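> With our numbering applied, the sequence shown corresponds to residues 72 to 664, in that order.
Backbone N, C-alpha and C define an ideal beta-carbon position, used for all residues, glycine too.
Quick caveat, the model's predicted, so the values are computed rather than measured.
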Amino acid sequence: MNKEILSGNEAFARGAFEAAVKVASAYPGTPSTEILENITRYKEIDASWAPNEKVALEVAIGASFGGGRAVACMKHVGVNVAADPLFTLSYTGVGGGLVLIVADDPEMHSSQDEQDSRNYARFAKVPMLEPADSQECLDYTRLAFEISEQFDTPVMLRSCTRISHGKSVVQTSDPVTGLPEPKLVKNPAKLVMLPGNARVRHPIVEERTVKLMEYGNNSPLNSIEIRSAEIGVICAGVTWQYVREALPEASTLKLGMVWPLPQQLIRDFAGKVKKLFVVEELDPFIEDQVKAMGIEVIGKEIISLCGELSPGRIRKAFSDAGIITTLPDLPASQNIPLPPRPPNMCPGCPHRGVFYQLNRLNAYVTGDIGCYTLGFMPPLNAMDTCVCMGASISNASGIVRVLPPAEQQRVVAVIGDSTFLHTGINSLMEMAWNQSPATVVILDNRITAMTGRQENPASGYTLDGETAPEVNIPDLCRALGIRHVRVVDPYDLEATRAALQEEMQRPEPSVVITNRPCCLIKGAGRFEKGAILEVDQGKCTGCKACLRIGCPAIEWKPDPAGNKGKAFIDPNLCTGCTVCQQLCKFNAIGRAR
Ligand SMILES: Cc1ncc(C[n+]2csc(CCOP(=O)(O)OP(=O)(O)O)c2C)c(N)n1
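Have a look at this one:
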């Protein structure tokens, strides 16, 4: 027993340890990434990255079928990728307990959409718990495994950015003991989901939901707290925290289990308050069901469907609707506007030169998700689409089919190494198979940079830093049927331009792979800083050519006398990549003396 200050993600990891989890698998994605990273603290757990979320869940399912407790972690969009096994897992049930932790990102701090994962729990017919602080992250993780085994079901745990990244005090405990040892048990009628067996399982799943609802009616997970009888608010997770702060007098029904909903408890609560509200982020998930129960309730009439909530936003919604009259002062921290800080590629990022050249070649770039999505930003302005991980290549393959040959040549798909291995491989297989005449650029910076530099199957290391076999990306592309595969140095602007131009003109699919590591990964064979560069102020003509790559290390200094300004390189930021040097026609950029 110990008290610690933990983030939600650290507490999930601790919960997995205390629940005696045997196997943990995940694919990184903000805000879920640190769950698996923190699980590596506990050597009792076999923890590893998977190439994508579907594989992560399937690894956990295998461990569970073998009788071990298992956890899979992902961000909300990861559940889209893992949905196929999830839905059938609901039918098979589990061996050892299985928990899927999903972290949503309302407000899209770091995501391409803000889907509400509670819909997946209902859709896949699996229970979902939603913790409201780090202590509950730990406690609910432990409890989720018990529910999983008691009801023979996977259990989803829903987090969000604030719960995952916020910190609070947590009481830790010793791990559970006495769980059955994993072993192989044959039970094909339950685990082989062909139609005849699945038909038997479906009614079992429906009965399970009824039993889980009953469990929820009587579980301390869901609790009524009566304060003033004027206003009653149903809420869950982080929203409960906001409601307590925004409407301190309101009575609350705090739901720790958001699917299935405890209908009897909801009716009891509705009978105790004069006006009933649901305050929830994103979809009217609870509200619609309460309305379907024939209970009068106000929800999205006053609370936005979009973005995050906060105590201030809730208070404003209630006061705009005339439900509360006085607006207590907001904490000062909520009133300070922060200076804008647009995202940018790092100084020395190997992606920069590729986008510079794609722009100059007037390419139409079907993009993908990673640091390189920033190629969309000015001054590079070289990304035209970005849908989801892996979509760049298949989007390119589709777009060329509707274009005349001259336009087809402009189409270039751009994808990172981790994203290529996540879901790009299938798309390249399609492109090669159907001979779509587009060019694919794989930006191999040897790491999953965007989410904080996680290893991937081509990086040569595992989650715990052990060396591992590396996927050979050029060979893989050839094996998929691409005949023209070439590797270029993205710091060499002319070579990059020549390679892109040549491949774009080719009337068949081809792949260009860049070979410089992310400038934030250190270690043998990884990023090495070059000589720091400086601008010779005497030679600089103020032409601004070097600014066209948007490197944060290059500043523009206006001339105080009103003449043309000059470029200046911040020696603390420069990594010596030389891309700006290659752009300077006046030889004004050279090694710092
Ligand atoms: C389905 C899904 N899972 C996870 C993520 C989070 N995510 C965004 S980009 C990315 C990978 C980026 O790595 P890479 O393709 O190597 O590009 P880099 O950032 O290194 O340039 C991940 C994991 C996501 N957006 N969608």
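(1) Tell whether a beta-carbon distance below 8 Å holds between residue 513 and residue 559.
(2) Return the residue from the list 518, 233 and 98 that minimises the CA-CA distance to residue 176.
(3) Between the Cα of residue 465 and those of 503, 442, 480 and 444, spot the shortest distance and give me the residue it belongs to.
(4) So residue 346 and residue 385 are supposed to be a Cβ contact under 8 Å. How far apart are they, rounded?
(5) Please confirm whether any heavy atom of ligand 1 lies closer than 7 Å to the CB of residue 96.
(6) Looking at residue 148 and ligand 1, is the gap between the Cβ and the nearest heavy atom below 7 Å?
(7) At a cut-off of 7 Å, would you count residue 183 as near ligand 1, judging by its Cβ distance to the nearest heavy atom?
(8) Do residue 488 and ligand 1 come close, with the Cβ less than 7 Å from some heavy atom?
(9) I'd like to check one pair, residue 77 with residue 205: are the Cβ atoms closer than 8 Å?
(10) For residue 293, which residues of its own chain have a beta-carbon under 8 Å away from its beta-carbon, when the five flanking residues on both sides are left out?
(11) Where does residue 197 sit, in a helix, a strand or coil, going by DSSP?
(12) Does residue 577 come out as helix, strand or coil in the three-state DSSP assignment?
(13) My output table needs one value for residue 171: the three-state DSSP class, helix, strand or coil.
(14) Determine the contact status of residue 340 and residue 305, defining contact as a CB-CB distance below 8 Å.
(15) Pull the bridge partners of residue 639 from the DSSP assignment, please.
(16) Using 10 angstroms around the beta-carbon of residue 227, count the other beta-carbons present and answer buried if the total reaches 16, otherwise exposed.
(17) Quick check: the stretch 101–111 against the stretch 520–538, are there 3 or more CB pairs under 8 Å?
(18) With which residues is residue 293 paired in a DSSP beta bridge?
(19) Could you give the uninterrupted runs of the alpha helix (DSSP H) lying entirely in the stretch 377–455, keeping only those of 4 residues or more?
(20) Among residues of its own chain, excluding the 5 on either side of residue 160, which ones have a beta-carbon nearer than 6 Å to its beta-carbon?
(21) Rounded C-beta distance between residue 100 and residue 522? I'm assuming under 8 Å.
(22) Between 297, 438 and 561, which lies nearest to residue 484 when the distance is taken from Cα to Cα?
(23) How do the stretch 413–422 and the stretch 444–452 stand: do at least 3 beta-carbon pairs fall below 8 Å, yes or no?
(24) Which of helix, strand or coil does DSSP assign to residue 354?
(25) Restricting to Cα atoms, I'd like to know which of 482, 518 and 366 is closest to residue 580.
(26) Which same chain residues, not among the five before or five after residue 75, have their C-beta less than 7 Å away from its C-beta?
(27) When burial is assigned at 16 or more other CB atoms within 10 Å of the CB, is residue 83 buried or exposed?
(28) Which first and last residues belong to the alpha helix (DSSP H) in which residue 554 is found?
(29) Cα-Cα, which of 614, 351, 261 and 546 is closest to residue 685?
(30) Would you call the CB atoms of residue 623 and residue 644 closer than 8 Å?
(31) Out of curiosity, what's the CA-to-CA distance linking residue 289 and residue 295?
(32) Within this structure, are the beta carbons of residue 657 and residue 610 separated by less than 8 Å?
(33) If I measure Cβ to Cβ from residue 612 and keep anything under 6 Å in the same chain, skipping five residues before and after, which residues do I get?
(34) Grab the span of the beta strand (DSSP E) containing residue 502 for me, first residue to last.
(35) Going along the chain, which unbroken runs of the alpha helix (DSSP H) with 4 or more residues stay wholly within the stretch 508–568?
(36) Tell me which residues share the same chain as residue 436 and place their Cβ nearer than 6 Å to its Cβ, disregarding the 5 neighbours each side in the sequence.
According to the structure shown:
(1) The residue you call residue 513 lines up with position 442 of the sequence shown. The residue you call residue 559 lines up with position 488 of the sequence shown. With a cutoff of 8 Å on beta-carbon distance, residue 513 and residue 559 are scored as not near each other.
(2) Translated into the one-based positions of the sequence shown, residue 176 becomes position 105. Of the listed residues, the one whose Cα sits closest to residue 176 is 233.
(3) Position 394 of the sequence shown holds residue 465. The option with the nearest alpha carbon to residue 465 is 503.
(4) If you number the sequence shown from 1, residue 346 lands on position 275. If you number the sequence shown from 1, residue 385 lands on position 314. Incorrect: roughly 15 Å between the Cβ atoms, too far for contact.
(5) On the sequence shown, residue 96 is found 25 positions in, with the first residue counted as 1. Residue 96 Cβ: outside cutoff for every heavy atom of ligand 1.
(6) Position 77 of the sequence shown, counted from the first residue, corresponds to residue 148. Indeed, a heavy atom of ligand 1 lies less than 7 Å from the Cβ.
(7) As a first step, residue 183 is located in the sequence shown; it is residue number 112 there, counting from the start. Within the cutoff, so yes.
(8) As a first step, residue 488 must be located in the sequence shown, where it is residue number 417. Yes, the beta carbon of residue 488 sits closer than 7 Å to at least one heavy atom of ligand 1.
(9) Translated into the one-based positions of the sequence shown, residue 205 becomes position 134. Translated into the one-based positions of the sequence shown, residue 77 becomes position 6. Yes, the pair counts as a contact, with Cβ atoms nearer than the cut-off.
(10) Position 222 of the sequence shown, counted from the start, is the residue given in the question as residue 293. Around residue 293: 287, 324, 325, 326, 327, 328, 333 and 336.
(11) What you label residue 197 is simply residue 126 of the sequence shown in a count that begins at 1. Here residue 197 carries a coil assignment [DSSP, helix/strand/coil].
(12) Here the question's residue 577 lines up with position 506 in the sequence shown. Three-state DSSP puts residue 577 in coil, outside helix and strand.
(13) Along the sequence shown, one-based indexing puts residue 171 at 100. Strand, per DSSP.
(14) On the sequence shown, position 269 is the one that residue 340 refers to. On the sequence shown, position 234 is the one that residue 305 refers to. Yes, Cβ-Cβ distance for residue 340 and residue 305 is below 8 Å.
(15) Residue mapping note: residue 639 aligns to position 568 of the sequence shown, counting from 1. Residue 639 is bridged to 626.
(16) Your numbering for residue 227 matches position 156 in the sequence shown. Classification for residue 227: buried.
(17) yes
(18) Position 222 of the sequence shown, counting from 1, holds the residue named residue 293. Bridge partners of residue 293: none, in fact.
(19) 382–391 and 423–431
(20) For the purposes of this step, residue 160 is taken as the residue at position 89 of the sequence shown. So the list reads 132 and 225, once near-sequence residues are dropped.
(21) Within the sequence shown, numbered from 1, the residue matching residue 100 stands at position 29. Within the sequence shown, numbered from 1, the residue matching residue 522 stands at position 451. Indeed they touch by this definition, with Cβ atoms about 6 Å apart.
(22) The residue you call residue 484 lines up with position 413 of the sequence shown. Closest option to residue 484, Cα to Cα, is 438.
(23) yes
(24) As a working mapping, residue 354 is identified with position 283 in the sequence shown. Coil.
(25) Within the sequence shown, the letter at position 509 stands for residue 580. For residue 580, the nearest C-alpha among the options comes from 482.
(26) Translated into positions along the sequence shown, residue 75 becomes position 4. Closer than 7 Å at Cβ, skipping near neighbours: 241 and 243.
(27) What you label residue 83 is simply residue 12 of the sequence shown in a count that begins at 1. By the neighbour-count rule (16 or more Cβ atoms within 10 Å), residue 83 is buried.
(28) Locating residue 554 in the sequence shown gives position 483, counting from the first residue. Where residue 554 is concerned, there is no enclosing alpha helix (DSSP H), given that its DSSP letter is neither H nor E.
(29) This structure gives no information on residue 685, because the portion of the chain shown stretches from 72 to 664.
(30) Looking up residue 623 in the sequence shown gives position 552. Looking up residue 644 in the sequence shown gives position 573. Their beta carbons are under 8 Å apart, which means residue 623 touches residue 644 by this criterion.
(31) Here residue 289 refers to the residue found at position 218 when the sequence shown is read from its first residue. Here residue 295 refers to the residue found at position 224 when the sequence shown is read from its first residue. Cα to Cα, residue 289 sits roughly 11 Å from residue 295.
(32) Walking along the sequence shown from the start, residue 657 turns up at place 586. Walking along the sequence shown from the start, residue 610 turns up at place 539. Yes; because the gap between Cβ atoms is below 8 Å, this pair is in contact.
(33) Taking the first residue of the sequence shown as 1, we reach residue 612 at position 541. Answer for residue 612: 657, listed in chain order.
(34) Translated into the one-based positions of the sequence shown, residue 502 becomes position 431. In the DSSP assignment, residue 502 falls outside any beta strand (DSSP E) and lies within the alpha helix (DSSP H) extending over 496–504.
(35) 544–550
(36) Numbered from its first residue, the sequence shown carries residue 436 at position 365. Scanning its chain for C-beta atoms nearer than 6 Å, with the 5 sequence neighbours on each side dropped, one finds around residue 436 the residues 429, 453, 454, 455, 483 and 485, in chain order.
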